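These notes are about the structure you will find just below.
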Amino acid sequence: MIQSKMKWNFTYRELSQTSEGLAGVTPLTRQLLEKREIYDAQTAESFLHPSLDDLHDPFLMEGMEKSISRVKEAIAQEEPILVFGDYDADGVSSTTLMVEALRKAGADCDFYIPNRFTEGYGPNEAAFQFASDSGYAVIITVDTGIAAIPEAAFAKELGIDLIITDHHEVQEVLPEAFSIIHPKTSADYPFQELAGVGVAFKFAQALLGRFPKEFLDLAVIGTIADLVPLKGENRILAAVGLQAISRSNRPGIQALREVCSIEGDVNEETIGFTIGPRLNAVGRLQDASPAVDLLLSESLEEAKEIAAFINQLNQERQKIVAAIAKEAEEMVMNQEGDTDNVIVVAKEGWNPGVLGIVASKLVRQFDRPSIVLAIDPEKGEAKGSARSIAAYDLFANCMEVRGRFLHFGGHAQAAGMTLKVEEIEGLRRDLIQLAEEKLSEDDYQQVLEVETTVALEDISLKQIEEVDQLRPFGMGNPKPLFHLKHTPKEVRLIGSKKNHLKFQFQSEQARVDGIAFGMGGLYSQLSPQATLDLVGELGINEWNGRKNLQVMIKDIRVDEWQLFDYRGSKHIEKHLVIPPAESYTAVSFRNQTKAPLDLPVFRAEDLPNEGDMDGLLLIDLPQTMSQLSELLERVQVRKVFACYHLEESTFLKTWPSRDHFKWFYGMLLKRGSFNIEKESDLLADRKGWDRSMVEFISEVFFELDFVKIKNGIITVASQPSQKDLNESSLYREREEQLQMERTLYYSTYKELKDWFDQHLNQPSKHVKEEVVYGL
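In case it helps, this note's numbering puts the sequence shown at residues 4 to 778.
Listed below in structure tokens is the structure:
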């Protein structure tokens, strides 16, 4: 058995009568739409075919009209405008979009992005003072500013009109700015989940008085990279934006495609895992201005130079993340007792720019909300990032202890913060206590929302194309997960570090590859012919013009007990790996004391009745079959390891049949006597037997009083008794030894597994959360 690492929530239910209006779609598509609370044809059409016609009027946003009037006034009076952005991919794309829109409208404008290391997150007084000294009368923030209460007051003192455009969580008090454009402060605006770049796009549309389709390639970057829910307007901007960025002539986009080796259409995964991380990397390691310069560049040659530089920064970022993540993981694992309900780690020297990525890694590894802080000993402050699990609203819980922070902002699942070093332990205690009060043990386990169970034969190109109708996938519209139960034809380790698994599933009608990234540690825990339950995403792997069906595996479990066949192996230690959370027991029937990996050895009769054993190693063969069957009946085992070997085999010796016994007895009657010592080899050669067979027949006859043996001479008894061969204990022992070797040693894997299936007292199988339905 192998337990799944996550909770599998089988969400399939009978199709609703309320969605009977979804005519013309397959049951699978209808089911996927219902999961997304889509029950009528009109809503389905809007979802499956996002249209720009469904975008809302930007002037429905509170503060828009006032802000546009002020910008037009600044243009008319030739007042310079400063765009103040953020250093992540959403902020970079928002800044680029706003600058281009202002310039198209005729404004004299430039941009400013704070340095993460010297200025921290968001607006700051020094930057505003610089803007004032440089003659800027208007500052427009993008993707930031909603928490800048003292900074807004300072801008007002300087005589600067501050226009805040943002989308982050609104705190108790709003900044006293010239105007605020934020979906969540606009009661009349129908959609509140826009990314920062989405708000900037709306601003551009209002300013230019037309739909600015030339900015769609920018809007899609921030919308997908910032992990906002891909529904409503976000889905439209993402879907149409992916088409736009796929054919974009923007030099910066073309340079990124080249340096990232992006061919063909750009999809949400390209942005999420390739383009977004590179734009983020700049602000994580230095000033983020080069990322904006790349997207603003009108020269392909210049853009290629900047893109190459950004790609190099991203490689450096990956190395830094790996080093810090290793240190952070060791800090968590080396703490006494169980892992805290909320992880808070801090250290001098850590790069604050990558701590959000490190926090995400800790969440995935330990299933705990995680805060990672870099300590600045000179300032006595700690600055960092936090990521959370689904059940723990990071923003809401941190707001309950807002007094511990110097600066704080973010979302339910991600946040940034600065606090005094002496507040770190108090913050840890407070958040742990809040978690203990609000969360159950189940809340710490990641949940996989499984759409349905699918048979291997049902996986097809048509089905995957049907699922792909729901693209783009992301927050609020996750890529559907499917449950598959099958025995792999092949399992092997792949990757330069051999830390990934590749499966090949095959039936008469279908072949599907399975890829499980980061699950190489399970290789030694999977027995041959084990039936796997797995959950994953269906997809197509295209290579050299060939399309192969595949499932990207998220989690695996094995519900049945497993048999590992190491019979006769002299190198068991090379294959046997005991997982940290499991314990194995070695058993001997013949008083052996040496076991693989130096495990303690129990005699079979001394083994305590275990209710639930992880692994049982059989290091030698029993003396009788009943010894083993009795042992298996009183223990419950998840894994059995057949580690025994034979020093001398009975099975490989010639086994005398009843005809052999009959012939030998007739020979004795005819000859009267037989010299065992002198004539056994001659007889064996003539009959094609071996000497041991002659000796065995003689011993059985002697035990049954059929013959007498004196000085090595065997003669027929004068009055032999009437007995069957089975009445000889020697015959029975040899017969049982033969049967035991045939069953336990010389059998095929399947035959051995079948025998154990009949005798093993198996632990209770995993109980699924719900009844599972197929397609």
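Backbone N, C-alpha and C define an ideal beta-carbon position, used for all residues, glycine too.
Computed from a prediction, not measured in an experiment: that's the story for all the values here.
Member of the options whose CA lies at the smallest distance from the CA of residue i
| i | options | result |
| --- | --- | --- |
| L487 | L529, P475, G539, H762 | G539 |
| G675 | T718, D562, K577 | T718 |
| A394 | N344, L230, L728, N551 | N344 |
| A258 | R570, K557, L298, T226 | L298 |
| E1 | L165, V348, Q318 | The structure shown has nothing for residue 1, since the chain only spans 4 to 778. |
| K386 | K350, I700, R371 | K350 |
| E424 | Q449, D268, E381 | Strictly speaking, residue 424 in this sequence is Val, with Glu absent from that position. V424 has its Cα closest to that of E381, out of Q449, D268, E381. |
| I392 | G383, L602, L365, D379 | L365 |
| A134 | D91, A150, I163 | I163 |
| A513 | V470, I497, I462 | I462 |
| W692 | L655, F709, K713, V710 | L655 |
| I116 | N764, S292, K234 | S292 |
| S388 | S97, I435, I556, W353 | W353 |
| N502 | F508, A519, V515 | A519 |
| E266 | W546, P582, S724 | W546 |
| T98 | T147, D662, G618 | T147 |
| A92 | L221, K482, D43 | L221 |
| L376 | A362, F369, D341 | A362 |
Neighbourhood of residue i by C-beta, 6 Å cutoff - its chain only, sequence neighbours within 5 removed
| i | result |
| --- | --- |
| R287 | R320, G356, V357 |
| A77 | I84, V141 |
| P193 | H59 |
| V775 | Annotation note: pLDDT 35 at V775 (below 50); position unreliable, no value reported. |
| S7 | D558, R560 |
| E585 | D617 |
Residue i classed as buried or exposed, judged by whether at least 16 other C-beta atoms fall within 10 angstroms
| i | result |
| --- | --- |
| T596 | exposed |
| E772 | Reliability of the predicted coordinates at E772 is poor, the pLDDT of 39 falling under 50, and no value is obtained from them. |
| P153 | exposed |
| S660 | exposed |
| M67 | buried |
| Q565 | buried |
| N678 | exposed |
| S264 | exposed |
| E271 | buried |
| S530 | buried |
| A207 | buried |
| R405 | exposed |
CB of residue i within 8 Å of CB of residue j, strictly
| i | j | result |
| --- | --- | --- |
| L35 | E468 | no |
| L197 | E236 | yes |
| M616 | V590 | no |
| H578 | Y587 | no |
| L541 | F485 | yes |
| V697 | S683 | yes |
| I184 | M336 | no |
| T653 | R737 | yes |
| F114 | V295 | yes |
| G123 | H410 | yes |
| A155 | L165 | yes |
| K187 | Q174 | no |
| L755 | S731 | no |
| L464 | I543 | yes |
| D111 | T144 | no |
| F759 | I700 | no |
Proximal residues to residue i (C-beta, below 8 Å), its chain only, five neighbours per side dropped
| i | result |
| --- | --- |
| L649 | G571, L624, E744, Y748 |
| S534 | The question names Ser, but residue 534 is Thr in the sequence shown. K488, H489, T490, V561, D562, E563. |
| V74 | I84, L105, A108, A110, V141, I143, I166, L210 |
Neighbourhood of residue i by C-beta, 7 Å cutoff - its chain only, sequence neighbours within 5 removed
| i | result |
| --- | --- |
| F398 | E172, G413, H414, A415, A418 |
| N317 | P280, R281, A284 |
| S510 | L459, E460 |
| M9 | Q448, Q449, V450, L451, D558 |
| K681 | none |
| E440 | none |
| P582 | Q528 |
Exercise. Per the contact definition of three or more C-beta pairs closer than 8 Å, is the region 232-252 in contact with the region 489-509?
Worked result: No: fewer than three Cβ pairs fall under 8 Å.
Exercise. Should the region 516-530 be called in touch with the region 473-480, which here means at least 3 C-beta pairs below 8 Å?
Worked result: Touching, no, given that fewer than three Cβ pairs across the two stretches are closer than 8 Å.
Exercise. Is the region 439-450 touching the region 416-424, taking contact as three or more C-beta pairs under 8 Å?
Worked result: The count of Cβ pairs closer than 8 Å, one atom from the region 439-450 and one from the region 416-424, stays below three, leaving the stretches out of contact.
For this session: Could you tell me whether the region 636-654 touches the region 666-674, using the rule of 3 or more Cβ pairs below 8 Å?
Result: Of all C-beta pairs linking the region 636-654 to the region 666-674, fewer than three are shorter than 8 Å, placing the two stretches out of contact.
Exercise. Counting pairs of Cβ atoms below 8 Å between the region 207-215 and the region 223-235, do you hit three or more?
Worked result: With a cut-off of 8 Å on Cβ pairs, the region 207-215 is not in contact with the region 223-235, counting fewer than three such pairs.
For this session: Report yes or no: do three or more beta-carbon pairs, one from the region 83-98 and one from the region 39-59, lie closer than 8 Å?
Result: In short, these stretches do not touch, since the Cβ pair count stays below three.
Exercise. Is there contact between the region 101-112 and the region 127-134, where contact requires at least three CB pairs shorter than 8 Å?
Worked result: Of all C-beta pairs linking the region 101-112 to the region 127-134, fewer than three are shorter than 8 Å, placing the two stretches out of contact.
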